[in-house]
Amino acid sequence: MTTRPARAKLRASLATTAATALLLVGIVLPATIESTDASWTGKDLASASFSAATIPAPVLTQPCEFRPGVLGLAARVRIYWQLPEGYELGDIVVEASTSGLGSVLAPLTGFSVLSNTTALDDGTYRTTVPTNLLGGLLGLGSEMEIAFAVEHESGWRSESAAVATNAGLLAGLGGNCRNLT
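Numbering (our numbering), first residue to last: 3 to 183.
Written out as structure tokens, the structure reads:
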């Protein structure tokens, strides 16, 4: 058996050895852990592409006509056009710009394509737009745009088939209409 002073000496010796070992480990091992960049290579290639749907536009088939009515009352514009294959009259959206050519088109309120369009014998359509729906068109001499577009069930729209019309200065005198597309 060992005596107390010998045990104390042994403990001091073990503590010194442990402290020395910790000191050596601290010197040998790096102080910070450094990050590594991982990478790999492979021979497989991947690619992808996407495209937007293209909705076909209606086509104007004849020059549009301005019909002044009597003294400019009941003035109307007749537009002759054809639906793209696979679409119905219910897919057509009619918009108008009361601010002149090149301005933003807005839905033509109070107008129904279905009730104002006649199917012609050659498979095309004639749509009559009363000028009273075109807001200040009658008698102002300003030009305005009327556009037809196909709206797909997805919400995508085609390019427009458009006409420009002018009711003339007074009572439809000098009124005209011309196809823009």
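Here a beta-carbon is modelled for each residue, glycine too, at the ideal position from N, C-alpha and C. From a predicted model like this one, the values you see are computed outputs, not experimental measurements.
- Following the DSSP letters along the chain, one finds Ser41 in no alpha helix (DSSP H), marked with neither H nor E.
- With a beta-carbon spacing of about 4 Å, Ile57 and Ser160 fall inside the 8 Å limit used to define contacts.
- DSSP places Ser15 within a helical segment (H, G or I) once states are collapsed to three.
- Glu36 counts as exposed, since fewer than 16 other beta carbons sit within 10 angstroms of its beta carbon.
- In this chain, the alpha helix (DSSP H) harbouring Val115 covers 115 to 118.
- By the beta-carbon neighbour count (other beta carbons within 10 angstroms, threshold 16), Val131 is buried.
- Residue range 78 to 84 is occupied by the beta strand (DSSP E) that includes Trp83.
- DSSP places Pro60 outside both helix and strand once states are collapsed to three, so it counts as coil.
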